[in-house]
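Asks:
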Amino acid sequence: GFADLLAEELKGALNPDQKRFVGHVQRDSRHLLELINDVLDLSKIESGRLELHLEQFNAAEAIAETMASLRPLAENKQISINEMVDPVLRITADRLRFKEILSNLVSNAIKFTPEKGQITIECVERSDGILCAVTDTGIGIDPSEQRAIFDKFYQVGSTTRGIREGTGLGLAITKNLVQLHSGIISVKSTPGAGSRFQFTLPQVGSETAVKESADGRISWSGL
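In the numbering used here, the protein residues as written are 237 to 459.
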């Protein structure tokens with residue numbers, strides 16, 4: 237907070253070196269805050285203390301809200317974002333956590349997609365549930381690492397050179413949030429040709445029961 241106040245120069249102008257130093261403080265402080273928040277989220281999930289608040293909502297609206305803060309990051313890299321979303325599709329899930337899942341996947345796609353690349357967001361209803369996917373034209377992931385990327389603190393190897401590292405927790409949290417919804421997440425990727433992360437959530441209809449176990453996990457079963 238005080239670094240932000242210094243950057244505003246309300247108490248006096250900063251010289252170029254001072255501006256650069258304050259910028260480093262701001263970036264690293266935000267990175268540390270992100271790490272702390274991710275650790276807290278993951279600890280809640282693993283201890284079974286994260287509660288899901290299920291509600292029915294319009295998928296397109298939730299995706300639009302998520303993209304409002306992410307689209308400028310893509311525009312800075314001249315990355316085009318295409319959305320293939322059923323405008324009337326409704327999902328029963330924790331709206332906040334659904335947006336967190338999508339935000340994590342799209343943020344990664346933007347980070348690892350070179351300038352003038354492309355990202356596609358899909359969300360459709362299928363026979364086995366609601367399918368959502370984020371596909372990019374980024375650097376891709378080696379097959380040997382595709383399972384490990386969902387592990388805590390895992391950082392992809394040489395393919396990330398020159399790209400600012402994250403916390404190594406985003407995909408671990410994403411996987412756990414999907415599983416809390418009794419969903420499945422997977423990745424398909426080719427080095428140098430991009431990645432496709434997709435997750436499927438059960439669709440709750442009139443013939444489906446929603447149950448919550450002692451550890452907070454949500455499950456769906458036919459009545």
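Built from N, CA and C at the ideal position, the CB exists for glycine as well.
1) DSSP three-state call for N273: helix, strand or coil?
2) Can you tell me whether DSSP reads I375 as helix, strand or coil?
3) Using a Cβ-Cβ cut-off of 6 Å (strictly less than) and excluding sequence neighbours within five positions of D277, which residues of its own chain qualify?
4) Is N209 helix, strand or coil when you go by DSSP?
5) In terms of residue numbering, what span does the beta strand (DSSP E) encompassing A329 cover?
6) Taking the Cβ atom as the reference point for each residue, do A310 and I346 lie within a distance shorter than 8 Å?
7) For E282, which residues in the same chain have their Cβ closer than 8 Å to its Cβ, ignoring the five residues on either side in sequence?
8) Could you give the distance in angstroms between the alpha-carbon of R326 and the alpha-carbon of G365?
9) Please confirm whether Q434 and S418 have their CB atoms less than 8 Å apart.
10) Closest by CA to V324, which one among I337, A296 and S305?
Replies: Quick answer:
1) For the purposes of this step, residue 273 is taken as the residue at position 37 of the sequence shown. Here N273 sits in helix by DSSP.
2) The sequence position of residue 375 within the sequence shown is 139, counting from 1. DSSP places I375 in coil when its eight states are reduced to three.
3) One-based indexing of the sequence shown puts residue 277 at position 41. Closer than 6 Å at Cβ, skipping near neighbours: I409.
4) With the chain represented from 237 up to 459, any question about residue 209 goes unanswered, as that position is not in the structure.
5) Within the sequence shown, numbered from 1, the residue matching residue 329 stands at position 93. Residues R326 to D330.
6) As a first step, residue 310 must be located in the sequence shown, where it is residue number 74. As a first step, residue 346 must be located in the sequence shown, where it is residue number 110. Their beta carbons are under 8 Å apart, which means A310 touches I346 by this criterion.
7) Taking the first residue of the sequence shown as 1, we reach residue 282 at position 46. Taken in chain order, the residues that qualify are N412.
8) Stepping through the sequence shown from its first residue, residue 326 is reached at position 90. Stepping through the sequence shown from its first residue, residue 365 is reached at position 129. Near 11 Å, if we compare the C-alpha coordinates of G365 and R326.
9) Looking up residue 434 in the sequence shown gives position 198. Looking up residue 418 in the sequence shown gives position 182. For Q434 and S418, no; Cβs fall outside 8 Å.
10) Numbered from 1 along the sequence shown, position 88 holds the residue referred to as residue 324. Each of I337, A296 and S305 was checked against the Cα of V324, and the nearest Cα belongs to A296.
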